[in-house]
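Under our numbering, the first residue of the sequence shown is numbered 80, with each subsequent residue one higher.
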Amino acid sequence: MLLEERGEVSPFRKYGIYFDEIDQVDHSYEYYALVDTRARDASSVAMNHVNNAILRYATGNNDLNIKVISKPMPLTAGAKDIEDAVDGLALAFIFSIGISFLPASLV
Numbered sequence: 080m081l082l083e084e085r086g087e088v089s090p091f092r093k094y095g096i097y098f099d100e101i102d103q104v105d106h107s108y109e110y111y112a113l114v115d116t117r118a119r120d121a122s123s124v125a126m127n128h129v130n131n132a133i134l135r136y137a138t139g140n141n142d143l144n145i146k147v148i149s150k151p152m153p154l155t156a157g158a159k160d161i162e163d164a165v166d167g168l169a170l171a172f173i174f175s176i177g178i179s180f181l182p183a184s185l186v
C-alpha cells in the first residue's frame, strides 16, 4: 500500500515524492523527493514517509515502521558571527531609514 491508499496525504504539503522506477522482482525503488526548504525537517520527514511506505508495500506488513528522530546540530561560532553581522546590518539599515525621515519632516 502506498501513501494515497493509506489516506496519509496531507493538504499541507512540504514535499512531493515521485517514483522513477519500481522493480517488484528485486524490490528496488528509485524516487525523487522535491522538498520545500522553508520547512526545516521536511527532507527527513519526506524520506522517512516514503521509506515507510516502501517498507510496508514490499513486505506486505502494515505494522512495520521506521522511526526517525531529527534534531538539528547547534550553530558553530562562525555561523553565529555571520548571523550577528547580518542582524546588525539589517538593524543599521532600518535605523538609517528612520533617521532619514527627521530632516524630511522639517522641510
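Glycine residues also receive a C-beta, built at the ideal position from the N, C-alpha and C atoms.
These numbers come from a predicted model, not from an experiment.
Alpha-carbon to alpha-carbon, residue j and residue i
i: V124; j: N144; result: 13 Å
i: A183; j: T116; result: 41 Å
i: A169; j: D102; result: 52 Å
8 Å contact criterion, which residue i and residue j should meet: CB distance rounded
i: Y94; j: Y111; result: 10 Å between Cβ atoms; not a contact.
Spatial neighbours of residue i in its chain, beta-carbon cut-off 6 Å, leaving aside the 5 residues before and after
i: P149; result: This sequence places Ser at residue 149; Pro is not what is there. Result list for S149: D120, S123, in chain order.
Nonlocal neighbours in the same chain, by C-beta distance under 7 Å from residue i, ignoring five residues either side
i: V147; result: S123, N127
Beta-carbon proximity list for residue i, same chain, < 8 Å, skipping 5 on both sides
i: L154; result: E162
Range covered by the beta strand (DSSP E) that runs through residue i
i: D99; result: 94-102
Span of the alpha helix (DSSP H) around residue i
i: S107; result: That residue, S107, is in no alpha helix (DSSP H); its beta strand (DSSP E) goes 107-114.
i: V147; result: Segment: none, V147 is in no alpha helix (DSSP H) and carries neither H nor E.
i: T138; result: 121-138
i: A183; result: 156-185
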